[in-house]
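Everything on this sheet refers to the single structure shown next.
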Amino acid sequence: MLTLTINGQSRQVDAPDDMPLLWVLRDHLNLVGTKYGCGIAQCGVCTVHVGGKPVRSCQLAVGDVGTRAVVTIEGIGNTPNGAKVQQAWMEDTVPQCGYCQAGQIMSATALLDGNPHPDDSDIDAAMAGNLCRCGTYIRIRRAIKNAAAKSA
Amino acid sequence: MKKIIGIIGAGIFFVAFGFAGWTFLGRDPMSFAGGSTVALADYKGGDITGVPKELASADPVKRGEYLTHAADCQACHTAPGGAPYAGGFAFNMPFGTIYSTNITPDKQTGIGNYTDAQFLAAVHKGIRADGEKLYPAMPYTSYSLMTDDDALAIKAYLFTLAPVHAPAKENQLSWPFNQRALLALWDVVFNPDERFRPNIGQSQPWNRGAYLAEAMGHCGECHTPRNLAFALNNHRKFSGAVTAGWRAYNITGDKESGIGDWSDEDVYLYLSTGHANGHGGAAGPMGEAADDSLSYLVPDDVHALVAYLRSIPAQASDLPRTVTTPAPASYKEGVVAGFDPRGEKIFAGACASCHDWTGVSPVTGYATLTGVRAVNDPSATNVAQTVINGVNRKTAEGKIFMPAFGEGYSDDDIAAVANYVTARFGAKGAHLTGSDVANLRMQATQLPNSQLPKSQLPKSQLPKSQAPESQEAPHG
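Taken in order, these protein sequences are the chains called A and B. Per numbering that gives the first Met the number 0, the first sequence runs over residues 0 to 151. Per numbering that gives the first Met the number 0, the second sequence runs over residues 0 to 475.
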């Protein structure tokens, strides 16, 4: 039995150590907001926060999470920057099909956590690993700036 | 005039004789230890050969299995994606390509008809059952140190495998390398064909480690440079060499370029698991050596290997001391001037999510770049190979995976990202070009990861809720 801290709650999971965190979230805990994309950490759609860092949950073995707190798209709205990003996302109507957006929001929030006022190149460097097949990149960049401009 | 010709002739003779003597002296992998050696039968210091005491009462096949792992027959005698031990692995060398052969007990295409004597001749002398010479890609100059009992235990194990019908692939060698008979001359100089002799000035663990490293694991075949005749040059023992397009690093005690700064525990962990925190994880051929061979050894045997490795004289090579401090958290800091900005862009998109801008991976210690020898190798050989081939290891801790980018990125892209990674996280940035990368691809075209069809990659990693057979179409 593994004990994980997910979105502020302690959760018990009966899963093998080498199971990717993504499987545990989706199949064991029914937290299906986090999506499966490429399965090889190349698209960013499965991004969650682990110990405050954006991590591709398809490649992180659940046994390696340890005591680090996990935050998923279901819990990110309870954090100050997460709430601002989600608000900006709605104001700028960022999503098109929406499949990648959970990962985009997680990466964008992690960016603002470390850098409250990112410029274009900061956004590019932080968001380059999150692909969007609808091409909403321009709206993503605009929404991140919008979120950064919101007062806490 | 005659006098001058005589002097020149004598000069040539002495140089040639001196060179021959020097190469000859370089053939004994354990001469560095000095002291005197005795025949195994006369050694009273304890068990050196065979299986460890844990397996002393095991049946012959189990013992043979342990020794087969210790001698790492599998890595070379298995083609990428092919049946284990059925051969077909390609060795690409400057003078052509050699394929490993089928050592399953198939009677037509394998070794099913080999007698004990024929098997020993192959292992110790490099002579096939039909009398033809084997190329020394088969490390018989190392295996010649192996006892008859151990070699025959390996045979007993191999003969329990399911026979696989797999005819040998034709070697593609240029003249004169395609003349197998010439190897008999090579053997006179470079294969003493003598069994292991314990060193009475050294401890039992040292001798056991020497037997495991030299007679079984044949570490030197990759880690020791070769001389002009492609024989191991033990004057530079374990100081590193390039084999099959990958760099086998300096594993002597040199503090800058070798492993002199590693703790015994780190060396132990690296050998037994293919990973030690702060030194990264093994990839490529060393990853295979860890997963197919070293990880099967009992702790005492790995400790013996450590004891032996620690006694190898330090040799400096052309590698800088590894940088052990992480890079800055912001991509804007720690930028090295003069590098193709493409490397940073590729790193941001494809690498940073697992390796982080600091180089310390939030995912697994296997993916941490800080302190890793390959990252601190200004040739970037193994960084480029890892990018091309990825990592696909099955360890006791689970699967260790990095995608193979070789088919998705151009030679110039891979050169740029390898240069960026070595500059950002290592001691000295590389200056690879696209044609360097093309050359590296050619040398290692047959590593298992590069052969993995792309369609096989994600399938095993699909969570049930989004498996392709379900109706939910994730990419709709």
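Heads up, the beta-carbon is just placed ideally off N, CA and C, and yes, glycines get one too.
Would you mind sorting residue i into buried or exposed? The rule is 16 or more other CB atoms within 10 Å of its CB.
i	result
residue 358 of chain B	buried
residue 320 of chain B	exposed
residue 222 of chain B	buried
residue 5 of chain A	buried
residue 96 of chain A	exposed
residue 41 of chain A	buried
residue 280 of chain B	buried
residue 424 of chain B	buried
residue 8 of chain B	exposed
residue 196 of chain B	buried
residue 116 of chain A	exposed
residue 29 of chain B	buried
residue 352 of chain B	buried
residue 340 of chain B	exposed
residue 132 of chain A	exposed
residue 105 of chain B	buried
residue 323 of chain B	exposed
Leaving aside the five residues before and after residue i along the sequence, list all residues of the same chain whose C-beta is less than 8 angstroms from its C-beta, in chain order.
i	result
residue 38 of chain A	57
residue 91 of chain A	138, 141, 142, 145
residue 58 of chain B	none
residue 172 of chain B	94, 95, 96, 97
residue 139 of chain B	121, 122, 123, 124, 125, 133, 190
In three-state terms, what does DSSP make of residue i?
i	result
residue 28 of chain A	coil
residue 9 of chain B	helix
residue 280 of chain B	strand
residue 321 of chain B	coil
residue 171 of chain B	strand
residue 211 of chain B	helix
residue 133 of chain B	coil
residue 334 of chain B	coil
residue 114 of chain A	coil
residue 247 of chain B	strand
residue 328 of chain B	coil
residue 311 of chain B	coil
residue 126 of chain B	strand
residue 29 of chain B	coil
residue 193 of chain B	coil
residue 143 of chain B	coil
residue 6 of chain A	coil
residue 185 of chain B	helix
residue 339 of chain B	coil
residue 516 of chain B	No answer is possible for residue 516 of chain B: the residues shown for chain B start at 0 and end at 475.
residue 108 of chain A	helix
residue 316 of chain B	coil
residue 145 of chain A	helix
residue 106 of chain B	coil
residue 119 of chain B	helix
Per DSSP, residue i is paired with what?
i	result
residue 90 of chain B	B/97
residue 140 of chain A	Partner(s): none; residue 140 of chain A has no beta bridge.
residue 12 of chain A	A/1
residue 19 of chain A	A/60
residue 225 of chain B	B/231
residue 240 of chain B	B/247
residue 36 of chain B	B/198
residue 46 of chain A	A/55
What residues in its chain sit with their C-beta under 7 angstroms from that of residue i, if we drop five residues either side in the sequence?
i	result
residue 355 of chain B	361
residue 290 of chain B	273, 392, 393, 394
residue 149 of chain B	48, 49, 66
residue 137 of chain B	125
residue 422 of chain B	335, 338, 428
residue 71 of chain B	216, 288, 291, 292
residue 45 of chain B	203
CB-CB under 6 angstroms to residue i, same chain, minus the five flanking residues each way: which ones, in chain order?
i	result
residue 108 of chain B	101, 164, 165, 166
residue 453 of chain B	With a pLDDT of 38 at residue 453 of chain B, under the threshold of 50, the modelled position of this residue cannot be trusted; read the value that follows with caution. Cβ neighbours of residue 453 of chain B beyond the five flanking positions: none.
residue 208 of chain B	303, 304, 306, 307
residue 156 of chain B	60, 63, 64, 67
residue 25 of chain B	232, 233, 234
residue 282 of chain B	385, 390
residue 122 of chain A	140, 143
Whose Cβ in chain C lies nearer than 7 angstroms to the Cβ of residue i?
i	result
residue 54 of chain A	Protein chains in the displayed structure are A and B, and chain C is not among them.
- Message: Extract the residue ranges of the alpha helix (DSSP H) inside the region 251-275 of chain B, only unbroken runs of 4 or more that lie entirely within it.
- Response: Complete alpha helix (DSSP H) runs here, min 4: 263-272.
- Which runs of the alpha helix (DSSP H) fall wholly inside the region 364-438 of chain B and span at least 4 residues, in chain order? Correct list: 380-388, 410-424.
- Which whole runs of the alpha helix (DSSP H) in the region 44-83 of chain B are 4 residues long or more, in chain order? If we require 4 residues or more, the alpha helix (DSSP H) runs fully inside the region 44-83 of chain B come out as 59-69, 72-75.
- Message: Threshold first: 3 residues or longer. Then list the beta strand (DSSP E) segments lying entirely within the region 52-103 of chain A, N to C.
- Response: List check, beta strand (DSSP E) in window: 52-55.
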